[in-house]
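Colleague: 1 is the number of the first residue of the sequence shown in my numbering; add one for each residue after it.
This is the structure I want to talk about, given as C-alpha cells.
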Amino acid sequence: MCHQCQRNDKGRVVRCTKCKSKRYCIPCITTWYPQSTEDSIAEACPFCCKNCNCKSCMRLDGALKRTLELNLEYSDNEKLQHSLHILRLLLPFLKQLNHDQLMEKKMEAECQGLSLSDLKVREARLDNNERAYCNNCRTSIFDYHRSCPNCSYDLCLICCDEIREGRLQGGEKEVIIEYINRGSDYLHGGEAKGERNVSLSSVKKVKSEPEWKANEDGTIPCPRELIGGCGDGLLELRCMFSDNWVSQLVNKAEELIKSYHYTESLEASGEKCSCFTPDGAVDLTSGNLRKAASRGDANDNYLYWPKARDLKFEDLRHFQCHWAKGEPVIVSNALETTPGLSWEPMVMWRAFRQISNAKHLRHLDVTAIDCLDLSEVDVNIHQFFKGYSEGRFDSKKWPQILKLKDWPPKNEFDEKLPRHGIEFITSLPFKEYTHLKEGFLNLATKLPEGILKPDLGPKTYIAYGVHPELGRGDSVTKLHCDMSDAVNVLTHTAELTLSRDHLHKMLKVKKQHIKQDEKEIFGIVCEKKKGTEKTVPSASPNSCKPELDCLATDTDENKNPSLGVENEKFDASTTPNGETLEKTAENADGSNGLMHSDEEIEEKIPRKERAVRGRKRKRGGYSKSTRRSKRLETKQEELDHPSDKSDSESSRADKELSGDQNCDLEEEINLYFPMLEFEGPEYAEGGALWDIFRREDVPKLEEYLEKHFQEFRHIHCSPLTQVIHPIHDQTFYLTVEHKRKLKEEYGIEPWTFVQKLGDAVFIPAGCPHQVRNLKSCIKVALDFVSPENVKECLRLTEEFRVLPENHRAKEDKLEVKKMAIYGMSKVVGGLEHYLREGTFENQGSDNKEKRTKP
1 MCHQCQRNDK GRVVRCTKCK SKRYCIPCIT TWYPQSTEDS IAEACPFCCK NCNCKSCMRL
61 DGALKRTLEL NLEYSDNEKL QHSLHILRLL LPFLKQLNHD QLMEKKMEAE CQGLSLSDLK
121 VREARLDNNE RAYCNNCRTS IFDYHRSCPN CSYDLCLICC DEIREGRLQG GEKEVIIEYI
181 NRGSDYLHGG EAKGERNVSL SSVKKVKSEP EWKANEDGTI PCPRELIGGC GDGLLELRCM
241 FSDNWVSQLV NKAEELIKSY HYTESLEASG EKCSCFTPDG AVDLTSGNLR KAASRGDAND
301 NYLYWPKARD LKFEDLRHFQ CHWAKGEPVI VSNALETTPG LSWEPMVMWR AFRQISNAKH
361 LRHLDVTAID CLDLSEVDVN IHQFFKGYSE GRFDSKKWPQ ILKLKDWPPK NEFDEKLPRH
421 GIEFITSLPF KEYTHLKEGF LNLATKLPEG ILKPDLGPKT YIAYGVHPEL GRGDSVTKLH
481 CDMSDAVNVL THTAELTLSR DHLHKMLKVK KQHIKQDEKE IFGIVCEKKK GTEKTVPSAS
541 PNSCKPELDC LATDTDENKN PSLGVENEKF DASTTPNGET LEKTAENADG SNGLMHSDEE
601 IEEKIPRKER AVRGRKRKRG GYSKSTRRSK RLETKQEELD HPSDKSDSES SRADKELSGD
661 QNCDLEEEIN LYFPMLEFEG PEYAEGGALW DIFRREDVPK LEEYLEKHFQ EFRHIHCSPL
721 TQVIHPIHDQ TFYLTVEHKR KLKEEYGIEP WTFVQKLGDA VFIPAGCPHQ VRNLKSCIKV
781 ALDFVSPENV KECLRLTEEF RVLPENHRAK EDKLEVKKMA IYGMSKVVGG LEHYLREGTF
841 ENQGSDNKEK RTKP
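Now the structure itself:
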C-alpha cells in the first residue's frame, strides 16, 4: 500500500531500500514529489528524508515529531561569551531604569517624610498570566508605577514625570479617518457614486477636561471619572518585583563586568569586520557583499549577504558586526539546510485541511484582502491557492491581487502546520538569535515559564503578485517599522506572466487611473489669460525619467535605466513630482492602523460587469462592527471571461492606442508598466522587492511623507487626507519615482534589493521597510529581540505611547523592558553560578524573579 495515499489500486510502487517498510506509488511521486526520481526514492524515501507530505506526516502525529524537533546545545565557553555579550549591552538600560525608579522612590520618601532606606514600597497584586498597562498611555508596566488604592487606576513613571512637568502625553483622543466607498467603477478611474462631503475628526489633544495636575509636593491625585479614574485619593507607589531588586541586579552586573574584564565592544577588542580592508575600504573580494544603495562616500552601501551552507560558528561574530550597526543581513539559500519539505500551496492546504474529529477541526474558509480597495473577502482556501498559481483577473482584465489575512490564525502556526513550522525553524540562520525556545541571544526566550509571552510568530504572508508595477492593486506591504527584530524567509514563489496582449488591454485602464489622479491628486491648474481658461496638468507622461540608483543584484550601478520608470497612481510616466499615488495593498492584517468610519455606498452594477458576483465590500480596518463581509465566488469563468462589451471595448482601445502621441503600443507598455530586469539565472527566482531605510534617515523620511502625503491613496483608493504618523500609520508605499524624489529633496535612499527563493532577510528593529511582491509569494516571518536593539525597541515604545488611543500601533504588546529585566536576571544568575561552580545552569539570580499575588 502506498504510504502517501494509503491505497493499493494505483499501479506500480517504488519500495524504499533504506527503511524497507515504506512504498510510494508512481502517481503520488509524480504529483507530490516532482523533483524526485524513482531511483532517489528507492534509495531513501520521503519518510526517511523527513520531507514526506502525506496527511499523517504533515500533522506530525506520532514518533515523527520527536525525530524532527530541533534542540540547541551550547558549550560553557559559548554560554560565557553570549552571557557577557548580553550583560554589556543591557547594563546601560538597566542603570537608566534603576535611576528612574530611584528618583521616584526619593520623591515618595520626601512626600512621606521618610529616609530612602526606611521607605517600603508595596508590591502590586498581579498574576503571572496578566499584563499591566498604564491607563493613560497604554504602555506596559513591568515594575514601579503608581496606582489608585480605590479604583486600581495605574500610571507609569513616564506619565508621572510628564504630569509633574505639565506636559502629559499619551492620552490623546481617538482619531477618526473616513475612507468613502465611491463604488467599483471609481477603483478603475470611473465616476464616483453617491459621493458626499465627509468631515474628518482629527482632534489630537490630551484628555485634560477637567485639568489633571500634580500637587505642589509632587504627589499625583487619581484622575476624575471623565479621564478614567475615581477622583478620590492619591496614586500610591507600587512595584511588581521585590523592592530594590533592580538596584541589586545592577550592582551584581557591574561586579561581573569587572570580574571577567570583558571588552566594551568589538572595536575595543581590536577586531575588524572582514568586509573591510585594513585601510577601511570595502573589500569586494570577500564574496559576501552585495550593493544595495548609492550614498556617495558612505561605507554601508553594501550589505552582508552570506550563503547559508557556508556559515560557520565564527560567522556569528561577523553577523554581530553588521547587526550592531543597524544593518540588514540577507542569508541566501536558507532552505538548502532543511530536509526539503515542500512549500507548494496545495501541500500546505492539505496539511492545514483537518478532518472533523476530537483532535482536528475543519478550516476551509479564510479571509483575504483585495489589494485594489483593501476590502476583505471570504474565500475557500483551495480556490485562493488556485488563484495563487494561475492568477485571477477582474472584468477590466486588471489583475485581482489577493493576500491572506491571519492564516493560519495567530498563535496557531505550529498547531495547524507543525511540519512546516519545524522546517522553518530549521532553515533559520544564526539560531542563537532566532530560535523560539533556545536562542541564547534572543531575549524573548528569557521569560520564565508561566509568564504571559508576546506572539512573535512564526507567521505566514501569502499573497499573489505580478512583476510589473501596476500602480493600483499591487501586492505590497506598506512602509512600516516593527517594534522588534524580524527574520523573513521566502519559501515559495509562483510566476504569473502577463502577455503583451493582456497588457494592451490593461493599458486603457491604466490611463483612466492616470486621468483620475491628475484630477484628484495632482490637480488641474486653471489659469485665465486674456479671458481664456488654460488647463495645465501637473505633469506629462514624458516629463519624468527617474532612475533607480542601485538594485542589489550583480549588475553594475545604474546599468538598467528601465528600472527608473515608475508607474504609481499617476505613475512615474505621468508626474515627476508625485508619482507615488500609493500602492493600494495593505499589510498582512489588512488595516491601516486607524479607526475608520466607512461610508458604505450601495453598488448597482450589472452582474457581468463585476469581477465578483454578489459580494459586499468592507474595509480592512479595526472595528468589525461596521463591516460587511463579501463572499468571493469561485467560478473562474466569470473572472477570466468578462462580458462581450468589455472585450469589444478593449479591442477598440487597442486600435486607438496605436497612434497615441506618436508612440507605439510596445513603447507605451514599457512606459506605463515598467519591469525590473535581472541579469543572471539566479535572479529568475527573485520574488520580492525590498526597501529598508536606515534609522538615521527616519526624520527626513517622515518629513518627506508629511510633505507629499496627498499624493498617495489608501482604502477604497481614496486619496489620503490626513497623517497621524507617517510610518506607523502604514498607509504609504514609496514607488521608484518617490524614492528618486526623496533622494533629490532630502539626500537619503533605502537599501534596495530583491529577495529570491530561500533568502532569509534579517530586519533590525527601528528600520522602516516596505515590500512589493514580483511573483506570488509565500513568506514566513519570525520576530525576536536581540540585545543589540533593545535601545531601538524602547525608542519605538516611546513613539507608540503618544499615538491616539485607537491607533493600531498603540498597544505595547512586546513588553521589551520586562524581557530585558528577566534576561539580565538570567544572565547574572548564570555567570554567578559559573564563578562558583565552573559550569553554567540556566537560572535566575538569587532574588525573586516573578511577580506575586498575595
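No residue lacks a Cβ here, since even glycine has one placed at the ideal position from N, Cα and C.
1. So, R705 versus T491, is the Cβ gap smaller than 8 Å?
2. Would you identify the three-state DSSP class for K530, choosing helix, strand or coil?
3. Could you pull the DSSP bridge partners for D154 from this structure?
4. Count Cβ pairs between the region 391-408 and the region 326-335 that sit closer than 8 Å; are there 3 or more?
5. Can you tell me the Cβ-Cβ gap for F712 and P468, rounded? I've got them flagged as a contact below 8 Å.
6. Please report the straight-line C-alpha distance between I381 and N71, rounded to a whole angstrom.
7. Where in the region 89-147 do unbroken runs of the alpha helix (DSSP H), each at least 4 residues long, occur, reported from the N-terminal end onward?
8. What does the alpha-carbon distance come out to for the pair K743 and D697?
9. Relative to the C-alpha of G829, which candidate in Y24, N150, D161, K252 has its C-alpha closest?
10. Who are the near neighbours of F142 in its chain, counting only those whose CB is closer than 7 Å to its CB and skipping five residues on each side?
11. Three-state secondary structure (DSSP) at Y464?
12. Quick one: Cα of R795 to Cα of H807, how far?
13. Taking the beta carbon of K732 as the centre, do at least 16 other beta carbons fall within 10 Å, making it buried, or is it exposed?
14. Is L237 close to the ligand FAD? I mean its beta-carbon at under 7 Å from any heavy atom of the ligand.
15. From L835, N789, L94, pick the residue whose C-alpha is nearest to that of Q248; which is it?
16. For N301 and E518, what's the separation of their Cα atoms in angstroms?
17. For A760, which of helix, strand or coil comes out of DSSP?
18. Can you find at least 3 beta carbon pairs, one from the region 485-504 and one from the region 421-429, that sit closer than 8 Å?
19. Nearest to L404 by CA position, among S776, G838, C321, N442, is which residue?
20. I believe C57 touches K22 by the beta-carbon criterion, under 8 Å. Please report the beta-carbon distance rounded to the nearest angstrom.
21. Excluding five sequence neighbours on each side, which residues of the same chain lie with their C-beta closer than 7 Å to the C-beta of K700?
22. For G855, count the other beta carbons within 10 Å of its own beta carbon; 16 or more makes it buried, fewer makes it exposed. Which is it?
23. By DSSP, does R15 sit in helix, in strand, or in coil?
24. Using 10 angstroms around the beta-carbon of P92, count the other beta-carbons present and answer buried if the total reaches 16, otherwise exposed.
25. When the Cα atoms are used, what is the spatial distance from D279 to K79?
26. So who's on the other strand from R713, going by DSSP bridges?
27. How many angstroms separate the CA atom of S294 from the CA atom of Q383?
28. Spell out the partners DSSP gives R290 in its beta bridges.
29. I need the straight-line Cα distance from L256 to S75, nearest angstrom please.
30. Are the Cβ atoms of R88 and S147 separated by less than 8 Å?
31. Tell me the rounded alpha-carbon separation between N150 and E225.
32. Examine the Cβ distances between the region 335-350 and the region 431-441 and report whether three or more of them are shorter than 8 Å.
33. Are three or more beta carbon pairs between the region 106-113 and the region 180-190 nearer than 8 Å?
34. Of the residues G113, L316, G450, W398, which one's Cα is nearest the Cα of Q512?
35. Cβ of R875 within 8 Å of Cβ of K813?
36. 8 Å is my cut-off, CB to CB: does K95 come that close to chain B?
Modeller: This is what the structure holds:
1. First, the residue type needs correcting, since residue 705 is Leu and not Arg in the sequence shown. Not a contact, by the Cβ cut-off of 8 Å.
2. Caution applies to K530, whose pLDDT of 42 falls short of 50 and renders its modelled position unreliable; the model cannot decide the point.
3. S147
4. no
5. Their Cβ separation, rounded to whole angstroms, is 20 Å, which puts F712 and P468 out of contact at 8 Å.
6. 33 Å
7. none
8. 11 Å
9. K252
10. M240, E815, K817, K818, I821
11. coil
12. 17 Å
13. This sequence places Phe at residue 732; Lys is not what is there. It counts as buried.
14. Here there are no bound small molecules, and the ligand FAD is not part of this structure.
15. L94
16. 36 Å
17. strand
18. yes
19. S776
20. So it is not a contact: roughly 10 Å between Cβ atoms.
21. Y746, I748
22. This structure gives no information on residue 855, because the portion of the chain shown stretches from 1 to 854.
23. strand
24. exposed
25. 33 Å
26. P719
27. 43 Å
28. L303
29. 20 Å
30. no
31. 12 Å
32. no
33. no
34. W398
35. Absent from the model: residue 875. The displayed extent of the chain is 1 to 854, so no value can be given.
36. In the structure shown, chain B does not exist; there is a single protein chain.
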